[in-house]
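Colleague: Numbers 19 to 137, taken from this note's numbering, label the letters of the sequence shown in order.
Cβ coordinates follow ideal geometry from the N, Cα and C atoms, glycine included.
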Amino acid sequence: AVVEPIQARLTEENAVEVCSGYDVLVDCTDNPQSRYILNDTAVKLGKVLVAGSAVRWAGQLAVYNFAGGPCLRCVFPVAPSVDACQACDMAGVAGPAVGVIASLQALEVMKLAGVAGPA
Numbered sequence: 019a020v021v022e023p024i025q026a027r028l029t030e031e032n033a034v035e036v037c038s039g040y041d042v043l044v045d046c047t048d049n050p051q052s053r054y055i056l057n058d059t060a061v062k063l064g065k066v067l068v069a070g071s072a073v074r075w076a077g078q079l080a081v082y083n084f085a086g087g088p089c090l091r092c093v094f095p096v097a098p099s100v101d102a103c104q105a106c107d108m109a110g111v112a113g114p115a116v117g118v119i120a121s122l123q124a125l126e127v128m129k130l131a132g133v134a135g136p137a
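1. Would the beta-carbon of residue 122 fall within 7 angstroms of that of residue 66?
2. From 94, 109, 38, pick the residue whose C-alpha is nearest to that of residue 50; which is it?
3. How far does the alpha helix (DSSP H) with residue 34 in it extend, from its first residue to its last?
4. According to DSSP, simplified to helix, strand and coil, what is residue 110?
5. Are residue 33 and residue 59 touching if we call contact CB-CB under 7 angstroms?
6. Can you name the start and end residues of the beta strand (DSSP E) that residue 45 belongs to?
7. Using only the alpha-carbon positions, how far apart do residue 117 and residue 125 sit?
8. Can you round the beta-carbon distance between residue 63 and residue 89 to whole angstroms, since I take them to be within the 8 angstroms contact cut?
9. Just the C-alpha distance for residue 132 and residue 68, rounded to the nearest angstrom, thanks.
10. Express the C-alpha separation of residue 55 and residue 30 in angstroms, rounding to a whole number.
11. What's the call for residue 24, buried or exposed, on a 16-neighbour Cβ count within 10 Å?
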């Protein structure tokens, strides 16, 4: 498997073009607008989305749009406003929490790619 980071601002206008060449989409963004753009693009392209986030001492991980499972918008139909979300620069984030979530995202991608074998 090849991991290729994207060094571009994701927008509704370029999302399909940016994401279409990948088997799995990994959300490492830090704002709700980008998360929902990635989700909607994953659904449109029929791709799995591995999403992770961390703030303060906690983090969360989800795999969306896998094998008929729900997407982000299925679980949270309305994106929160930017003001409703805590930004890391204001709330703080523990580096190890980010590291744990990122490692778990990588594990999920490996499982999806068949590298890790059956769960």
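Modeller: Here's the rundown:
1. no
2. In terms of Cα proximity to residue 50, the closest of 94, 109, 38 is 94.
3. 33-37
4. coil
5. yes
6. Residues 42-45.
7. 12 angstroms
8. Residue 63 to residue 89, Cβ: 12 angstroms. No contact.
9. 15 angstroms
10. 6 angstroms
11. Classification of residue 24: exposed, given that the 10 Å Cβ count is below 16.
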